[in-house]
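Asks:
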Amino acid sequence: MALFEASALHKRFGDQVVLEDVTLRFEEGQLSGIMGPNGAGKTTCFNVLTGRYKPDRGSVHFAGKDITGLSPRKIANQGLSRSFQIMNLFDEYSAIDNIVVALPSVRARGWACWRDMGRFDSAYDEAASILARIGLAGKETMPSQRLSYGERRALEIGVALAARPRMLFLDEPTAGLGVEGTARLSELIAELKRQLSIVIIEHDMRFLFRLADKISVIHWGQVIAEGSPDALRENEWVQRSSLGALST
Amino acid sequence: MLVTLVLMASTPLWLKHVGLYQYLALEITIWMLFAMAHNLLLGQGGMPSFGHGAYFGVGAYAFGLFQQRADAGLLTGLFGAIVAAALVGAFVGAFISHRRGIYYALLTIAFGQVLWFVAIKWHAVTGGDDGLLKIARLPLQLPGLEISLESNFSFFYFVLTVFALVLLFLWRLIHSPYGRVLRAIKQNEMRASFVGYNVWLYKWTAFVLSAGLSGLAGSLFAMAQQSAYPNVMSLHNSGFVVMMVLIGGGLVSFWGPVIGALIFILARDLLGAYTETWLLWYGLLFMAMVIYQPDGVAGAWQAWRASRKRAPVARATELAWAAHNKEA
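Keeping their order, the protein sequence lines are chains A and B.
According to my numbering, the first sequence is numbered sequentially starting from 11.
According to my numbering, the second sequence is numbered sequentially starting from -13.
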């Protein structure tokens, strides 16, 4: 059984069917990609997988447990963490506080009303090491609002990483990044890939083809193709969209 | 904190010389307590409770009733008032804690109005429009010691002590992991839930705590006024405390509500001495403040200090981070 399995998911908003019979499997230790054109239902799919929306039909299993329709909090506590396409940070907090508040050790003590946060050494140590990992060493006390766009993107992933997930979902991590930023992000993700299972939605195909072990193509709310990057290069839809250029 | 408390404790020495009176300091302290309780929601948790007079009022009535119907002593009465207000808060909080923003605000107003209406109509218990009269300032009874609180002077010191304890409690709370999570929820509820926090429960507990402390303020107010009447639960009163918190700068500072309550009650007395329409002028001041200085007095002070020193960094972090590096 795969680490993450979604079977026969359906989701509609009003009379519009957004997902139809979507089945996806993401294996442990792999980097899986979801791609497709704008409006194909990728983000909705992500939101259903991570608990933001409940599917109308179908089921989602993670690590052998049924997580269909569970709240985001419960899913997060199972070891599944996600980042957002539109940045979703704690804006008044500094970079390090964004990480600190997402750490499991702090979460476990969230009800400690009488403890001084400043004495939480291990939490700050851990948060600092995560910041270093995502290339934000030296920016610890900078309010997250004043970080550059690329740094905020990295922090967005850092907050998701801080939860020490078994599986990490990234929603369009390259959105709005320039060539240089994307390159740096590739390095980071290539690094993370060795340590945990990752699922990425992306429309930057070049980026995804370089990193992913397996890619699912979603179009009109359905999975129209699936396979390794090499296998997908031969796919008709992939060929027809601008991807053909990639094979060089 | 020490400076504020010492300054407040010394008021009996100089208040009369500047033309004011001791009861004023007493009332300001009670309002500070109420504003601090309210700011736990508005400033720390980002929950706009615009009907908070209700819990202040529940505390006032509960204290009066415990005293008159159950013959409760001072501390029992105060404790009872806190519990009563917290219970009402727990009930209301259960209905509103999944909401935020304008919906949250509207629901708090609606519940506040319901409670105010109950206070007016339930004659048998609340005394209706007349309210509860003859609420006594009972003596403080400690083992081997009995202190009368009848004079404004001694009662002021009692209230100040309570205020100091609440300040200490809130200070610890806000600087604890719980406070850190609460402020994270204020900034981004959705992310907080995706990080794994039970947002509803955090918001609910903050509401219950805030309601309980508001009830404490209300019960002290009932003692100060020696009565409890529906007006303390009105939308007016709920609005006043919001105005205090915002003018003082509760959104950006722990001390905002303290500053705001001071300014508000002083404005009421000083402007009120010149004109009956003081609230109009205060309202204009409030509007100017919201437009030009939305972070309030405390925010202006922080901006001024930052402009003198260097770029602002998140203060709490800076402290935690510095302390951490020192120990490491």
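Cβ coordinates follow ideal geometry from the N, Cα and C atoms, glycine included.
Do the stretch 41 to 57 of chain B and the stretch 232 to 242 of chain B meet, that is, are 3 or more Cβ pairs less than 8 Å apart?
Replies: No: the two stretches stay apart, fewer than three of their Cβ pairs being nearer than 8 Å.
Asks: Rounding to the nearest angstrom, what Cα-Cα distance links R317 (chain B) and P163 (chain B) in this structure?
Replies: The question about residue 317 (chain B) has no answer here: the residues shown for chain B are numbered -13 through 314.
Asks: Does Q155 (chain A) pass the burial test, meaning 16 or more other C-beta atoms within 10 Å, or should it be called exposed?
Replies: Label assigned to Q155 (chain A): exposed.
Asks: Just checking: is the beta-carbon of S239 (chain B) within a distance shorter than 8 Å of some beta-carbon in chain A?
Replies: No - not a single Cβ of chain A is within 8 Å of the one on S239 (chain B).
Asks: Does chain B have any CB closer than 8 Å to the CB of M177 (chain A)?
Replies: Chain B contact via Cβ: absent.
Asks: At a CB-CB cut-off below 7 Å, which residues of chain A make contact with F180 (chain B)?
Replies: Per Cβ cutoff of 7 Å: P82, A86, R92.
Asks: Give the DSSP-derived three-state secondary structure of T258 (chain A) in the structure shown.
Replies: With a pLDDT of 38 at T258 (chain A), under the threshold of 50, the modelled position of that residue is not reliable, and the figure given next carries that caveat. T258 (chain A): coil per DSSP, three-state reduction.
Asks: For D281 (chain B), does the three-state DSSP call read helix, strand or coil?
Replies: Correct three-state label for D281 (chain B): coil.
Asks: State the Cα-Cα distance for the pair W290 (chain B) and N25 (chain B), rounded to the nearest angstrom.
Replies: W290 (chain B) and N25 (chain B): Cα-Cα distance of roughly 23 Å.
Asks: When you compare the CB positions of A73 (chain A) and R176 (chain A), do they come within less than 8 Å of one another, or not?
Replies: Their beta carbons are under 8 Å apart, which means A73 (chain A) touches R176 (chain A) by this criterion.
Asks: Provide the residue(s) that pair with F142 (chain B) in DSSP beta bridges, ordered along the chain.
Replies: DSSP, once it has assigned bridges, lists no residue as partnering F142 (chain B).
Asks: Decide if the stretch 201 to 209 of chain A is in contact with the stretch 124 to 136 of chain A; the criterion is three or more beta carbon pairs, one per stretch, under 8 Å apart.
Replies: Result no; under three Cβ-Cβ pairs closer than 8 Å.
Asks: Kindly indicate if chain A contains any beta-carbon less than 8 Å away from that of P163 (chain B).
Replies: At least one chain A Cβ lies under 8 Å of P163 (chain B).
Asks: With DSSP run on the structure shown, which of helix, strand or coil describes L99 (chain A)?
Replies: Note: L99 (chain A) maps to coil in three-state DSSP.
Asks: Indicate the three-state DSSP secondary structure (helix, strand or coil) for S226 (chain A) in the structure shown.
Replies: In the structure shown, S226 (chain A) sits in a strand (DSSP, three-state: E or B).
Asks: Pull the bridge partners of D181 (chain A) from the DSSP assignment, please.
Replies: According to DSSP, D181 (chain A) bridges with A:I211.
Asks: In the DSSP assignment, the beta strand (DSSP E) including K64 (chain A) goes from what residue to what residue?
Replies: Careful: K64 (chain A) lies outside any beta strand (DSSP E) and carries neither H nor E.
Asks: Using the Cα positions of L195 (chain B) and R177 (chain B), report the straight-line distance between them to the nearest angstrom.
Replies: Answer to the nearest angstrom: the Cα atoms are 24 Å apart.
Asks: Please list the partners that R85 (chain B) has in chain A, where partner means a Cβ-to-Cβ separation under 7 Å.
Replies: Within chain A, no residue comes near R85 (chain B); the closest Cβ sits about 16 Å away, beyond 7 Å.
Asks: Between the C-alpha atoms of F207 (chain B) and F149 (chain B), what's the straight-line distance to the nearest angstrom?
Replies: Cα to Cα, the separation comes out at about 13 Å.
Asks: Kindly indicate if chain B contains any beta-carbon less than 8 Å away from that of F14 (chain A).
Replies: By this cut-off, F14 (chain A) is not an interface position.
Asks: Give the single residue among A:H20, A:E38, A:V27, A:D25 whose Cα lies nearest to the Cα of K224 (chain A).
Replies: Comparing Cα-Cα distances from K224 (chain A) to each of A:H20, A:E38, A:V27, A:D25, the minimum goes to A:E38.
Asks: Since L99 (chain A) meets chain B, which of its residues come closer than 9 Å, beta carbon to beta carbon?
Replies: What L99 (chain A) touches in chain B: Q173, N174, R177.
Asks: Apart from the five residues just before and just after T78 (chain A), which ones in its own chain have a Cβ nearer than 6 Å to its Cβ?
Replies: Once the five neighbours on either side are set aside, the close Cβ partners of T78 (chain A) are S69, V70.
Asks: Looking only at C-alpha atoms, which of B:M275, B:T261, B:V283, B:I245 sits nearest to L(-9) (chain B)?
Replies: Selected option, being the one with the closest Cα: B:I245.
Asks: Assuming R92 (chain A) contacts F23 (chain A) under a Cβ cut-off of 8 Å, what Cβ separation, rounded to an integer in Å, is found between them?
Replies: Not quite, the Cβ-Cβ distance comes to about 20 Å (not below 8 Å), so this is no contact.
Asks: Counting contacts by CB-CB distance shorter than 8 Å, is M(-13) (chain B) in contact with chain A?
Replies: Cβ-Cβ to chain A under 8 Å: no for M(-13) (chain B).
Asks: Considering only residues of the same chain and omitting the five flanking positions on each side of W108 (chain B), which have a CB-CB separation below 8 Å?
Replies: Cβ within range, chain order: G114.
Asks: What is the DSSP secondary structure of I121 (chain B), counted as helix, strand or coil?
Replies: Correct three-state label for I121 (chain B): coil.
Asks: In whole angstroms, give me the CA-to-CA distance for Y9 (chain B) and Y260 (chain B).
Replies: Those two C-alpha atoms are separated by around 20 Å.
Asks: To the nearest angstrom, how far is the alpha carbon of V233 (chain A) from that of D107 (chain A)?
Replies: Using only the alpha carbons, I get a separation of about 39 Å.
Asks: How would you list, in chain order, the residues of chain A whose beta-carbon sits under 7 Å from the beta-carbon of R166 (chain B)?
Replies: Residues of chain A passing the Cβ test: V111, M127.
Asks: Take T60 (chain A) as the anchor and find which of A:W121, A:L90, A:V111 has the nearest alpha-carbon.
Replies: Cα-wise, what sits closest to T60 (chain A) is A:L90.
Asks: Inspect the beta-carbon positions of G231 (chain A) and G51 (chain A) and report whether they are closer than 8 Å.
Replies: Against a cut-off of 8 Å, the Cβ pair of G51 (chain A) and G231 (chain A) comes out as a contact.
Asks: Pull up the DSSP beta-bridge partners for Q232 (chain A), would you.
Replies: BP columns for Q232 (chain A) point to A:H229.
Asks: Less than 6 Å between C-beta atoms, sequence neighbours within five positions excluded: which residues of the same chain meet that for V209 (chain A)?
Replies: Excluding sequence neighbours, V209 (chain A) sits near F36, S42, F179.
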